[in-house]
Every structure is written in C-alpha cells, then in structure tokens.
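Comments concern the structure below.
Numbering (this note's numbering), first residue to last: 31 to 285.
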C-alpha cells in the first residue's frame, strides 16, 4: 500500500485543517511578539530594534514558555502597610510544593519588572527554620477575600486553583519601588500580604477590579466555602508589631 492510501480523504482534511490552525496560531504568536517589541522599542535605535526583533523570533526561551499562571493581587512593604502596590504575577509550577513567579506592575508589553515571589506548600513551610519563616506570608486571606485573582480563567477553574493556593505561603521581594520612582533605585525590599479586612486600600482594589473586569466581592462570596486553613503563627511576622526588612551593609571583601 502506498503512503497516499494510508489516510482517508476525511483524515487528510482533518490533518490539513490542523496544520492550517497551527500555522494560524503561530502567525498570531508572531504578530503578538512584533506588537510587543514595537511597543517596548520606542526610542531605540534601528539597530537595537532589529536585534530585539531577531532575538525574539530566533531564540528559544523555555523558562518563559513554562509560565502557566497569571495572578493579580496586592503587596505591602514588610515594614510599612501604608505602602501598598499592585502586583501582577506570572508563575511556573516548578515542583508539586513550589511555584516561582516573576512580578510586574501590569500585564502590558512595557510593564516594569518589579520583583519575584516563591510560593510553597504548608507542609514545606512547616520544615523551615524559624528565622526563615519570618520572611514568608500566608495566602489564606488573599484567596478567601477575593483580592487575589486569575484574570481570564473560567470561575470553576479559578476556584479549583485557589482551593490549593489558600493554604500556601509566599516569600516576596520587590526590586523596583515603583511607588516612589520610575527607576529601580535601592535594594530589594521584603513584601507581605494582607491578613484581614480593613487593611487594603479599597479604592485601589476597586480601580483594579474595573480595569481587569473582575469583582472582588463576587469572588469573596464564591470562595466562602473554601475551607480556612490553620495559619502557622510564625508567618506574617509583622503582626507581632515587629518586622524584618533588608538593609545595605558594608562588609569585608574576601578573595
């Protein structure tokens, strides 16, 4: 039997349609890359724009491809709850008990990279040294209150995701204090998450909801029956009235 008889006419049409769909998807992906590069390339020389475009098309970027989750929430500086900032997360589920996220100030092509967050399971958190636990915050309130959202995900899928996330802990450092300056001055700052009503800026939450087309109150009602986890008292260290924060220190250099 020759190869031309291996597939029926129906199968050949299916494969042709699949191939056309793949090409269309690839074309759309390329168009998105071009659009993004054009947006971030304003003011660049022609040489740099050409290099950026070529790199975007030719180079594989496997860690970026592995990012599977887009989350939006709010953080505050570990030593100052009055400094609250919106945080857009893009996360990779690296291991069953570990997510790693890069954080931007928005989900736009020209967004500023402002930090990182590691998210671990309650079981992993319980094994950490006590001094290490001071750097971590719980996610129980962020999930249950509806403040942490996954824009664009169907409600059922989002709820399933947050049923797992509600008992986790995060360690977050922001490298760009974008609430102070449009430049990444200074050293990384430890951030924390909210744990109760009345802490977050309601106007900021409302503005975020309108912009992203989500409703924090609706999310809160939908998640009311997600079980509240037991929160390790060693997390959210700021609740004791004392906190930890990074500082710059001169030290001896060792060769």
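Idealized CB from N, CA, C, for every residue including glycine.
- Spanning the alpha carbons of residue 143 and residue 136 requires a straight line of approximately 9 Å.
- Residue pairing from DSSP places residue 99 in a beta bridge opposite 121.
- Collapsing the DSSP output to three states places residue 110 in a strand.
- The Cβ atoms of residue 203 and residue 112 lie no closer than 8 Å to each other.
- Per DSSP, the unbroken beta strand (DSSP E) holding residue 134 starts and ends at 128–134.
- With contacts defined as CB atoms closer than 8 Å, residue 131 and residue 98 fail to qualify as a contacting pair.
- Per DSSP, residue 279 lies in no alpha helix (DSSP H) segment and is marked neither H nor E.
- DSSP places residue 87 within a helical segment (H, G or I) once states are collapsed to three.
- Looking at 92, 117, 110, the one whose alpha-carbon comes closest to that of residue 104 is 117.
- Linking residue 243 to residue 283 through their CA atoms gives a straight-line distance of about 51 Å.
- The shortest CA-to-CA distance from residue 250 to any of 266, 171, 237 is the one to 171.
- Cβ neighbours of residue 248 within its own chain (closer than 8 Å, five residues either side excluded): 176.
- If you draw a straight line from the Cα of residue 279 to the Cα of residue 217, it comes to about 11 Å.
- Bounds of the beta strand (DSSP E) holding residue 201 are 199–204.
- A check of alpha carbon separations from residue 169 across 92, 225, 186, 140 identifies 225 as the nearest.
- The shortest CA-to-CA distance from residue 275 to any of 238, 166, 213 is the one to 166.
- One thing to note: residue 221 has its Cβ no nearer than 8 Å to the Cβ of residue 266.
- Beta-bridge partners of residue 271 (DSSP): none assigned.
- Ranking 77, 236, 80, 155 by CA distance to the CA of residue 201 puts 155 first.
- Using a 10 angstroms sphere on the CB of residue 281, the tally of other CB atoms stays under 16, which defines it as exposed.
- Residue 273 and residue 85 have their C-alpha atoms roughly 43 Å apart.
- Excluding its 5 nearest sequence neighbours in each direction, residue 277 has no C-beta neighbour in its own chain below 7 Å.
- Between residue 211 and residue 114, the gap from beta carbon to beta carbon reaches 8 Å or more.
- Annotated as proximal: residue 192 and residue 256, with beta-carbon spacing under 8 Å.
- Rounded to the nearest angstrom, the Cβ distance from residue 152 to residue 198 is 7 Å, consistent with a contact under 8 Å.
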